[in-house]
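K.L.:
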Amino acid sequence: MNAPRADIPMGPVGRDFAGVAKLVVVKDKDTSLLKQYLMHLSALRTRFNQLNNQGDTGPGAIQLMQQTLDGNGSELAETLKFVDEQMLTGMPDSQKQAIRPLLVRPLMQAFEVIIKPVTAEINKIWQAQVYAPFQVKLAGKYPFAANAKIEASHADIAELFGGEGAIARFFDSALGSLVIRRGDGITVRTWAGLGVALSPLAQNGFAGWVAPLSSGGVPTASSSTSSQWVFQMQALPSPGTLEYTIDIDGQKLRYRNTESHWADFVWPSAQGVPGARVVATNYQGQVIEVVNFPGKFGFKRLIDAAQKTKHPDGVFELNWVNTGVSIAANLKIISKPDSGNDTAGAPQATGYHGLSLPESILSPVPSTATGG
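First residue of the sequence shown? That's 1404 in the numbering used here, and the numbers climb one at a time after it.
Structure representation (structure tokens):
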């Protein structure tokens, strides 16, 4: 007499394939979990066909990636949710580990397909909103071009940099849903371990791009004391000259080969016309302009142009040479915006000095989808 079917014990092969049996057995509405899974994939195929029919796949691909990362309105996210919450529920871990990669791999490969058009579209937006304006308005001007004769205006710099500039707006809007900002740091959001890739220049430069303009060395006449350089200068003897004057934003140190004292300076200063210059008079009465850097970055350019020697006491000796005339002065930094009262650092250009922006904000992502 045969035992009832339900009482027949399941062998080792049956136990190992029980998960597969669960997926293919027909249940409610004459359908199986596997058939429902295929229907989800069919809906995903329809979504991809719609993207392809749009001609320009970039905007649609960005929307699909955003929806997938948010877990709302995305066929990819819905299918993954169906796999984890219905298809794999109740399976032993060993069977989940064997079956899940087979079900998830097509989803990961589909998500990986949209990374390339998303990257291309985001880079196009970056080039239009940030890179092209930077190249036109700032790239050829000081401080971005270290040797440029023309200075970038405060308004042009603020248009792109700082907390309210085009770069900050780009990261908040065009790239906002694809990345996570934590203070000055930024990381990309991922789905199943996949996502876009920020270029190395973006990773390293983001904090400086969106920091207050004063931290980038952009002076204004209304700068608060906390955003000013406070320093002293002491004139040194200059053979062959009757006298010389160092002028920084209208603050003057005049020396006539007598005993010299330390003079107080701040930068930027509203005391006079922005700029820095050194003018000497030789014994023949000839006036020689040793250096002249007009504009709000004059002081930094004056420092850039000098030969610098640091003494053990932290004082820097600066020397400017032109047409046979050599002018020297000591510089003692009292405080500067980026270091408070720390005067250990050399008075060199920082911030936006020589800064350039990457032509592409996102880097290509190599194929990695293997399932999981």
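A virtual CB, placed ideally from N, CA and C, is assigned to each residue, including glycine.
Any chance you could list the alpha helix (DSSP H) runs of at least 4 consecutive residues sitting entirely within the stretch 1554 to 1580, in chain order?
P.N.:
Runs of the alpha helix (DSSP H) inside the stretch 1554 to 1580: 1557 to 1563, 1569 to 1575.
K.L.:
Got a sec? Which residues, its chain only, sit under 6 Å from R1704 by beta carbon, not counting five neighbours each side?
P.N.:
Stepping through the sequence shown from its first residue, residue 1704 is reached at position 301. Here the set comprises F1696.
K.L.:
Three or more C-beta pairs closer than 8 Å, one from the stretch 1640 to 1652 and one from the stretch 1669 to 1680: is that the case here?
P.N.:
Short answer: they touch.
K.L.:
Taking Cβ to Cβ, would you say P1509 is nearer than 8 Å to L1436?
P.N.:
As a working mapping, residue 1509 is identified with position 106 in the sequence shown. As a working mapping, residue 1436 is identified with position 33 in the sequence shown. No; because the gap between Cβ atoms is not below 8 Å, this pair is not in contact.
K.L.:
Given a threshold of 16 other Cβ atoms within 10 Å of its Cβ, counted over all protein chains shown, does P1546 qualify as buried or as exposed?
P.N.:
Within the sequence shown, residue 1546 is the residue found at index 143, counting from 1. Burial call: buried.
K.L.:
Using 8 Å as the threshold, is the stretch 1468 to 1475 in touch with the stretch 1541 to 1557, meaning 3 or more CB pairs across them?
P.N.:
Cβ pair count under 8 Å is below three, so no.
K.L.:
Could you tell me whether the Cβ atoms of N1725 and V1693 are closer together than 8 Å?
P.N.:
In the sequence shown, counting from the first residue as 1, residue 1725 sits at position 322. In the sequence shown, counting from the first residue as 1, residue 1693 sits at position 290. Contact flag set, yes.
K.L.:
Sort E1562, N1455, A1638 by Cα distance to Q1538 and report the nearest one.
P.N.:
On the sequence shown, residue 1538 is found 135 positions in, with the first residue counted as 1. Answer by Cα proximity: E1562.
K.L.:
Over the uninterrupted beta strand (DSSP E) stretch that includes E1692, give me the two end residues.
P.N.:
In the sequence shown, the residue the question calls residue 1692 occupies position 289. Segment 1690 to 1697, the beta strand (DSSP E) holding E1692.
K.L.:
To the nearest angstrom, how far is it from the Cα of G1565 to the Cα of M1636?
P.N.:
Taking the first residue of the sequence shown as position 1, residue 1565 is located at position 162. Taking the first residue of the sequence shown as position 1, residue 1636 is located at position 233. Each residue's Cα considered, the two are about 32 Å apart.
K.L.:
Which partner residues of R1448 appear in the DSSP bridge assignment?
P.N.:
As a first step, residue 1448 is located in the sequence shown; it is residue number 45 there, counting from the start. None; R1448 has no bridge partner.
K.L.:
Which residues in the same chain as Y1440 place their Cβ atom closer than 8 Å to its Cβ, once the five residues preceding and following it in sequence are excluded?
P.N.:
One-based indexing of the sequence shown puts residue 1440 at position 37. Here the set comprises L1426, T1482, F1485, V1486, M1490, L1506.
K.L.:
In whole angstroms, what separates the C-alpha of H1630 from that of Q1457?
P.N.:
Stepping through the sequence shown from its first residue, residue 1630 is reached at position 227. Stepping through the sequence shown from its first residue, residue 1457 is reached at position 54. In the sequence as presented, His is not what sits at residue 1630; that position holds Ser. Each residue's alpha carbon lies about 51 Å from the other.
K.L.:
On the three-pair Cβ rule with 8 Å, is the stretch 1732 to 1740 touching the stretch 1582 to 1595?
P.N.:
Not touching, per the Cβ criterion.
K.L.:
Take H1664 as the anchor and find which of H1756, P1640, V1599 has the nearest alpha-carbon.
P.N.:
Looking up residue 1664 in the sequence shown gives position 261. Checked all of H1756, P1640, V1599; the closest Cα to H1664 is P1640.
K.L.:
Ignoring anything shorter than 4 residues or poking outside the stretch 1646 to 1710, list the alpha helix (DSSP H) runs there in chain order.
P.N.:
Taking only runs of at least 4 residues, the alpha helix (DSSP H) segments lying wholly in the stretch 1646 to 1710 are 1701 to 1708.
K.L.:
Roughly how many angstroms lie between the CA atoms of I1518 and Q1500, to the nearest whole one?
P.N.:
The residue you call residue 1518 lines up with position 115 of the sequence shown. The residue you call residue 1500 lines up with position 97 of the sequence shown. Rounded to whole angstroms, I1518 to Q1500 spans 26 Å at the Cα level.
K.L.:
Taking the DSSP output, what are the residues bridged to L1734?
P.N.:
For the purposes of this step, residue 1734 is identified with residue 331 of the sequence shown, where counting begins at 1. The partner list for L1734 (beta bridge, DSSP) reads M1636, F1719.
K.L.:
Could you spell out where the beta strand (DSSP E) holding T1590 opens and where it closes?
P.N.:
By 1-based counting over the sequence shown, the position of residue 1590 is 187. 1588 to 1591 is the span of the beta strand (DSSP E), which, as asked, contains T1590.
K.L.:
Determine the extent of the alpha helix (DSSP H) in which I1518 is found, giving its start and end residues.
P.N.:
Against the sequence shown, residue 1518 aligns to sequence position 115. 1496 to 1529 is the span of the alpha helix (DSSP H), which, as asked, contains I1518.
K.L.:
The ligand GDP heavy atoms versus the CB of A1535: any closer than 7 Å?
P.N.:
Absence of the ligand GDP from the depicted structure is noted, as is the absence of any ligand whatsoever, leaving it without description.
K.L.:
Can you give the Cα-Cα distance for E1720 and V1681, rounded to whole angstroms?
P.N.:
Position 317 of the sequence shown, counting from 1, holds the residue named residue 1720. Position 278 of the sequence shown, counting from 1, holds the residue named residue 1681. Going from the Cα of E1720 to the Cα of V1681 covers about 15 Å.
K.L.:
Is the CB-CB distance between S1602 and S1766 below 8 Å?
P.N.:
Walking along the sequence shown from the start, residue 1602 turns up at place 199. Walking along the sequence shown from the start, residue 1766 turns up at place 363. Yes, the Cβ-Cβ distance between S1602 and S1766 is below 8 Å.
K.L.:
Classify K1713 as helix, strand or coil using the three-state DSSP reduction.
P.N.:
Taking the sequence shown and counting its residues from 1, one reaches residue 1713 at position 310. Strand at K1713.
K.L.:
Keeping to the same chain, check which residues put their C-beta closer than 6 Å to that of E1757; ignore five residues upstream and five downstream.
P.N.:
The residue given as residue 1757 occupies position 354 in the sequence shown. A small fix is needed here, since residue 1757 is Gly in this sequence, not Glu. So the list reads A1549, once near-sequence residues are dropped.
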